[in-house]
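Reviewing the structure listed below.
Protein chains: 2
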Amino acid sequence: MLSFTEENYLKAVLKLTVNGDTKSDAGTNKLAAYLNVKPATATDMLKKLKEKKLIDYEKYGKITLSETGKLKAVEIIRKHRLWETFLFEKLDFTWDEVHEVAEQLEHIHSPKLIDKLDEFLGYPSFDPHGDAIPNAKGELRIAKQKPLSAVSPETSCKMIGVRDNSTTFLKYVTQLGLAINTSIKIISRQEFDGSMEIEMNGKTATVSQKFAENILVD
Amino acid sequence: MLSFTEENYLKAVLKLTVNGDTKSDAGTNKLAAYLNVKPATATDMLKKLKEKKLIDYEKYGKITLSETGKLKAVEIIRKHRLWETFLFEKLDFTWDEVHEVAEQLEHIHSPKLIDKLDEFLGYPSFDPHGDAIPNAKGELRIAKQKPLSAVSPETSCKMIGVRDNSTTFLKYVTQLGLAINTSIKIISRQEFDGSMEIEMNGKTATVSQKFAENILVD
DNA sequence: CGCAAATGTTTGGCTAGCCTAATCTTATTG
DNA sequence: CAATAAGATTAGGCTAGCCAAACATTTGCG
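So the sequence lines, in the order shown, correspond to chains Z and A. Using my numbering, the letters of the first sequence correspond one by one to residues -13 to 204. Using my numbering, the letters of the second sequence correspond one by one to residues -13 to 204.
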């Protein structure tokens, strides 16, 4: 059973290696900075995680997750994103509020809990921020997400998230009857200003290009 | 911000004083036994909690919660019972599975989370075990709960929980079509052995006194 | 009452995570 | 190819929670 702290280190290593933008060096300093601890502390933990065979690591060397470590890390991401989805969809949290609470909830240990939660939410593919949710086997569906503005007329897509988290934007989204998983059909698109006529839940609406750029679809 | 451990001590003190069956002495030894730690450890924590003004306590003296401590403890009970209700009602956990996971979930810090959860669940008054859920102000609705065996014939009541959590008992309960919130009408009661004929969901059944004593109704 | 049993506390010591300061290794660059 | 800068590690020390063992107090019974 991993401690909260150990789990957070694994998650951090994953973020800094896999998702590390362009340059994907983990590094004791970056890791420590990411977790708001001092490098010395990170070194201690790295030794411990190596001992537990969760990371591959030699003194002064590269830091990478082992197979087991990666599985654990992805599992935590899965929990985090499922909880975010729950908070957003069922408890009416706003997009910017979900993260902090999910940081706590992701450490609850109960396989049954997370599977049941997944089922309860209808096996969502994306969290409120449009990030893919790994499935129960730890497999991450490849995110083919793109902005609504990039969808061709007369085709359909499914909303998976937003890019803007401002209240004004989200209010508008809600007003239009849009939500995660809503199917959207693009009826037409004006060449002039990029505005689009879309249909969802049987209703039609016209939205600006600016709006469409901030809606993420599958 | 209280640590998990501190919260568990407060909860334990509450259980051992308020709810301590007949004899309601807290006591370092009992407290330690309840929390599966050694008395020395409990003494340490008691000093710390006294320091934080969460309990009233003098060396070799009685242990009681301060006003602040009681509020905190009741808040944790509230969270625990709301989570139990959530797990049971929304995620199809069984009666005996909810407690363990709720023990973890009760320590999540987020006022908004718990209020929204309460709302999501429809402001329930009782958890799956029939224990009253304190409201947001920490007030505990007086539990008017009583065993089914105490209900007079020809009157109706609503099931709010169980007293026994054994699998055999719960299996029986389910078989009879009983669940939280099921309305039950007592048709008759035998003076001889206390067995009762009851009706719920249009079906009738005869249950023993032992059974009726373990069903809690409002 | 008086003394043993029960109960509670103190002391010293342990691990997990964190820190600072000092040291060591690797990278960079003139 | 040094010499220094950047990065990583070690050493020693801290707090929260835990423990065992020694010590102190209270209870209760003959």
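Where a beta carbon is used, it is the ideal one built from N, C-alpha and C, also for glycine.
Paired residues, beta bridge with residue i - DSSP
i               : result
T71 of chain A  : Beta-bridge pairing links T71 of chain A to no other residue.
M186 of chain A : A:K189
A118 of chain A : A:F112
Y43 of chain Z  : Z:I49
G13 of chain A  : Note: G13 of chain A sits in no beta bridge, so no partner.
S194 of chain Z : Answer by DSSP bridge pairing: none, since S194 of chain Z is not bridged.
K132 of chain A : A:V203
K98 of chain A  : None, per the DSSP bridge assignment.
S142 of chain Z : Z:K171
V137 of chain A : Answer by DSSP bridge pairing: none, since V137 of chain A is not bridged.
G147 of chain A : A:L202
Endpoints, beta strand (DSSP E) assigned at residue i
i               : result
V203 of chain A : I201 to V203
I173 of chain Z : S169 to R175
Buried versus exposed, by CB contacts within 10 Å (16 or more), residue i
i               : result
K65 of chain A  : buried
G163 of chain Z : exposed
D204 of chain Z : buried
P139 of chain A : exposed
E61 of chain Z  : buried
M31 of chain A  : buried
N15 of chain Z  : exposed
N200 of chain A : buried
S135 of chain A : buried
F178 of chain A : exposed
G229 of chain Z : Since the first residue shown for chain Z is -13 and the last is 204, residue 229 of chain Z is missing from the structure and cannot be characterised.
T192 of chain A : exposed
K39 of chain Z  : exposed
K58 of chain A  : buried
E37 of chain Z  : exposed
T8 of chain Z   : Note on T8 of chain Z: pLDDT 43, under 50, position unreliable in the model; no value is reported.
N187 of chain Z : exposed
E75 of chain A  : buried
E53 of chain A  : exposed
E105 of chain Z : exposed
T80 of chain Z  : exposed
E86 of chain Z  : exposed
Minimum C-alpha distance to residue i - residue among the options
i                : options                           : result
F197 of chain A  : A:N15, A:E75 and A:D150           : A:D150
N207 of chain Z  : Z:K34, Z:L91, Z:V84 and Z:T(-9)   : Because chain Z here runs from -13 to 204, residue 207 of chain Z falls outside it and cannot be looked at.
L103 of chain Z  : Z:L68, Z:R175 and Z:K39           : Z:L68
K(-3) of chain Z : Z:N121, Z:I41, Z:D113 and Z:L134  : Z:I41
G55 of chain Z   : Z:E75, Z:G124 and Z:R175          : Z:G124
T141 of chain Z  : Z:K132, Z:I172 and Z:H115         : Z:I172
L156 of chain A  : A:I94, A:E(-7), A:H115 and A:N121 : A:H115
L126 of chain Z  : Z:D82, Z:A12 and Z:Y109           : Z:Y109
G180 of chain Z  : Z:T168, Z:Q195 and Z:S169         : Z:Q195
N121 of chain Z  : Z:G188, Z:T168, Z:I100 and Z:K34  : Z:I100
D117 of chain Z  : Z:E(-7), Z:I63, Z:Y158 and Z:K45  : Z:I63
K45 of chain Z   : Z:T71, Z:E70 and Z:G13            : Z:G13
E(-7) of chain A : A:P133, A:S169, A:L91 and A:I119  : A:L91
T71 of chain Z   : Z:Y158, Z:V148 and Z:Q131         : Z:V148
Cα-Cα separation, residue i to residue j
i                 : j                : result
K111 of chain A   : T154 of chain A  : The residue you asked about is not Lys; residue 111 of chain A is Ser in the sequence shown. S111 of chain A and T154 of chain A: Cα-Cα distance of roughly 26 Å.
E185 of chain Z   : K144 of chain Z  : 11 Å
P97 of chain A    : L73 of chain Z   : 13 Å
L202 of chain A   : A18 of chain Z   : 53 Å
P25 of chain Z    : Y43 of chain Z   : 15 Å
R175 of chain A   : T190 of chain A  : 13 Å
A28 of chain A    : Y20 of chain Z   : 36 Å
I166 of chain Z   : D82 of chain Z   : 15 Å
Q161 of chain A   : I49 of chain A   : 45 Å
D221 of chain A   : I146 of chain A  : The structure shown has nothing for residue 221 of chain A, since chain A only spans -13 to 204.
V84 of chain A    : K1 of chain Z    : 33 Å
L51 of chain Z    : L107 of chain Z  : 30 Å
K34 of chain A    : H93 of chain A   : 19 Å
L(-12) of chain Z : D11 of chain Z   : 24 Å
H95 of chain Z    : E183 of chain Z  : 46 Å
T3 of chain Z     : Y(-5) of chain A : 40 Å
E89 of chain Z    : I119 of chain Z  : 15 Å
I170 of chain A   : P133 of chain A  : 12 Å
L77 of chain Z    : S152 of chain Z  : 18 Å
V159 of chain Z   : T168 of chain Z  : 11 Å
V137 of chain Z   : Q131 of chain A  : 59 Å
Start-to-end residues for the alpha helix (DSSP H) that takes in residue i
i               : result
L0 of chain Z   : F(-10) to T3
K36 of chain Z  : P25 to E37
T80 of chain A  : Note, T80 of chain A: premise wrong, no alpha helix (DSSP H); not H, not E.
L156 of chain Z : T153 to Q161
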